[in-house]
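Take a look at the structure below.
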Amino acid sequence: GTPAADDIAYQTAGITRDTVLYTADGEDVVADEYLYWLLNAIAQAKNSGYLADDTAWEEEIDGTPTSDYLKKMALDNSKLYAVALSKVNQEGVTLTDEDRQTITSQMESMASTLEMYYGVTLQEYLDQQCISQAAYEKLAYEVPMLVGELQTKYTEAGELTPTDEDMQNMIDTEGIYSCKHILLAFPENEDNSAVTDAQKAEVKAQADALLAEIQGAADPIAAFDAAMNEQSDDGRNPETNELYTPEGYTFLADGSMVDGSGSLVSPFVQAGMALAEGELSQPVETDYGYHILLGQSADNEDTRAVYPNYAMNRRIDQWMAEAKVETTAAYDALDPKAFYDNMLALAEQWQAEKEAEAAAQASASPAASEAPAESEQPAASPSASPAA
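Just so we're aligned, residue 226 is where the sequence shown starts under our numbering, counting upward by one.
Listed below in structure tokens is the structure:
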């Protein structure tokens with residue numbers, strides 16, 4: 226049919242926004258959704274130092290011709306949403322009225338943010354991303370919400386409840402560690418001067434003596450717990466004087482904590498990763514003081530709380546690996562460079578129109594008026610993962 230006047234896909238890629246570029250597990254992926262991800266892939270490549278000039282488009286990225294690489298990157302990102310939607314539809318999961326209201330209010334909030342901080346309307350922003358509002362809402366909100374509803378359905382059916390073996394597999398695969406610690410903190414000098422070597426040595430001697438005491442006890446683990454609760458300088462509740470985290474810390478190799486509450490310093494992480502369950506560390510120096518660590522099982526409340534998300538993501542990975550993709554002639558004919566050049570030309574045209582409009586307003590008004598700057602991407606844009 227005749228393309229709509231506002232069809233940016235037609236203006237830049239020569240295909241109407243409802244043109245099917247491929248199917249994934251029977252779900253059609255149209256230009257309206259795919260070109261958003263293609264523009265995204267080009268922007269990422271440029272940020273990584275590729276596509277510096279016209280000749281760079283003739284080169285390769287990671288051993289693949291640039292055009293094919295960019296199209297595949299956009300296909301993989303958009304495929305995620307199509308495959309997820311296919312599963313959601315098979316399971317009969319739908320959005321609630323409350324979900325719809327949330328999407329409406331989120332889009333209204335986004336529109337006001339764009340106007341206030343970037344000087345562009347929602348429609349202008351969407352045009353710059355080569356996507357319609359309906360497709361944007363689908364990618365940014367509808368599919369992630371539906372996947373969340375599907376995860377809830379699986380959870381309620383007990384499908385994401387782990388066995389002990391499931392937990393151990395996640396812990397081993399993801400590299401999750403857990404340990405308790407006793408912190409003997411360095412003193413804080415009244416003049417705010419740095420802790421001296423002599424002060425450090427004094428704390429180290431205390432840590433060595435405490436470790437020897439714990440190791441010599443009839444029940445070293447009970448002795449560790451008692452010493453930790455009585456002597457550790459880690460954070461405490463000022464009213465009860467009890468440690469905030471007597472159960473210790475559960476973390477990944479990069480130091481980030483599994484519960485998302487923050488990250489741990491590198492010497493602590495390295496020492497903790499090396500410990501077997503029930504094993505004590507030698508005193509470990511950090512900026513805070515000396516720590517005595519006790520290795521413990523990483524199968525705990527924190528890791529069991531994140532298991533459903535982990536299991537859901539593994540399912541999505543499996544769906545992606547098994548997905549049946551069939552591209553169309555329109556996909557094969559799509560030229561990323563021509564599309565991007567046309568997007569740049571449109572952007573220049575829009576900017577010129579804005580400047581002309583601003584100049585006309587300025588001449589009609591005694592107050593000076595500036596043309597708005599090119600917009601940046603607001604925080605609400607879709608990520609390449611619809612998982613909750």
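Virtual Cβ for every residue (Gly too), placed ideally from N, Cα, C.
Predicted, not measured: the structure shown is a model, and the values here were computed from it.
- Along the segment 528-559, the beta strand (DSSP E) occurs as fully enclosed runs of 3 or more residues at 550-552, listed in sequence order.
- For the pair of segments examined, the segment 380-400 was found to touch the segment 515-527: the number of CB pairs separated by less than 8 angstroms reaches three.
- Taking C-beta atoms under 8 angstroms as the contact rule, residue 503 and residue 487 fail to qualify, at a distance of about 26 angstroms.
- In the DSSP secondary-structure assignment, residue 232 is not bridged to any residue.
- By the Cβ rule, the segment 234-244 counts as touching the segment 550-568, because three or more pairs are nearer than 8 angstroms.
- Looking from the CA of residue 295, the closest CA among 418, 252, 464, 263 belongs to 263.
- For residue 385, the three-state secondary structure derived from DSSP is coil.
- In the structure shown, residue 242 adopts coil according to DSSP, grouped into three states.
- Cβ-Cβ separation between residue 436 and residue 505: approximately 7 angstroms, consistent with a contact (criterion under 8 angstroms).
- In the pairwise beta carbon analysis, the segment 397-412 is classified as touching the segment 449-463: at least three pairs are separated by under 8 angstroms.
- Residue 475 is not a Cβ neighbour of residue 553, given a cutoff of 8 angstroms.
- Residue 443 sits in coil when the DSSP states are folded into three classes, being neither helix nor strand.
- In the three-state reduction of the DSSP assignment, residue 253 falls in the strand class.
- DSSP places residue 345 outside both helix and strand once states are collapsed to three, so it counts as coil.
- The segment 415-483 is shown to contain whole beta strand (DSSP E) runs of 3 or more residues at 474-477, in chain order.
- In summary, residue 365 is buried, with 16 or more beta-carbon neighbours lying within 10 Å of its beta-carbon over all protein chains present.
- In this structure the segment 287-307 does not touch the segment 376-396; the number of beta carbon pairs closer than 8 angstroms is below three.
- Under DSSP, residue 401 takes part in a beta bridge, and its partners are 477.
- Only exposed fits residue 490, as fewer than 16 other CB atoms lie within 10 angstroms of its CB.
- Per DSSP, residue 366 is not a residue of any beta strand (DSSP E), being assigned neither H nor E.
- Proximity of the segment 298-318 to the segment 541-561 meets the contact definition, three or more beta-carbon pairs being nearer than 8 angstroms.
- Of all C-beta pairs linking the segment 426-443 to the segment 466-484, fewer than three are shorter than 8 angstroms, placing the two stretches out of contact.
- In the assembly as shown, residue 317 is an exposed residue. Its beta-carbon has fewer than 16 other beta-carbons within 10 Å.
- The DSSP assignment places 322-338 as complete runs of the alpha helix (DSSP H) inside the segment 307-351, in order along the chain (cut-off: 4 residues).
- Distances from the alpha-carbon of residue 493 to those of 540, 403, 452, 580 put 403 closest.
- Fewer than three pairs of CB atoms, one per stretch, sit closer than 8 angstroms, so the segment 507-516 makes no contact with the segment 372-380.
- Leaving aside the five residues that flank residue 431 on each side, the residues in its chain whose CB is nearer than 6 angstroms to its CB run, in chain order, 409.
- The three-state reading of DSSP puts residue 412 in coil, since its state is none of H, G, I, E or B.
- Per DSSP, residue 565 lies in no beta strand (DSSP E); the unbroken alpha helix (DSSP H) holding it starts and ends at 561-589.
- Residues 362, 366 of the same chain have their beta carbon placed closer than 6 angstroms to that of residue 328, with the five preceding and five following residues left out of the count.
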